[in-house]
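Engineer: Here it is, the structure in full.
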Amino acid sequence: MIIFACIQIVLSQIPNFHKLSWLSILAAVMSFTYASIGLGLSLAKAASGGGHVRTSLTGVQVGVDVSSSEKVWRTFQAIGDIAFAYAYVYNEIA
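Using full-length UniProt numbering, you'd call the opening residue of the sequence shown number 1 and step up by one each time.
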């Protein structure tokens, strides 16, 4: 994955990127491939873990370290981060 990231860094340094449509397609394919590699590695890790994988679909489990109110707070904080990032990107595009 490090080699893959280095290739993306080198390709991002090409000037006049907006005139190179083929490079845009290549970047989209590479990003999709990078996401697929991450998904494949995580599925392989889960499959090789045996019967019990120590994680949960909703993130941190409520228990000794995290209270339910703290988990709710973290959830709202994450939603706020996403909303802030979306608003920032929308302002940059418009």
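Just so it is clear, CB atoms sit at the ideal spot from N, CA and C, and this is done for glycine as well.
Taking 8 Å as the cut-off, decide whether the C-beta atoms of M30 and Q13 are in contact.
Structural biologist: Position 30 of the sequence shown, counting from 1, holds the residue named residue 30. Position 13 of the sequence shown, counting from 1, holds the residue named residue 13. In this structure, Q13 does not lie closer than 8 Å to M30 by Cβ.
Engineer: What are the start and end residues of each continuous alpha helix (DSSP H) run of 4 or more residues lying completely inside the UniProt domain "Amino acid transporter transmembrane" (1–89), in chain order?
Structural biologist: 2–11 and 21–48
Engineer: Measure the alpha-carbon distance for V66 versus R74 and round it to whole angstroms.
Structural biologist: The residue given as residue 66 occupies position 66 in the sequence shown. The residue given as residue 74 occupies position 74 in the sequence shown. Straight across, the Cα-Cα distance linking V66 with R74 is about 10 Å.
Engineer: Can you give the beta carbon distance from A27 to L11, rounded, assuming they're within the 8 Å contact cut?
Structural biologist: Here residue 27 corresponds to residue number 27 of the sequence shown, with the count starting at 1. Here residue 11 corresponds to residue number 11 of the sequence shown, with the count starting at 1. Confirmed, about 7 Å.
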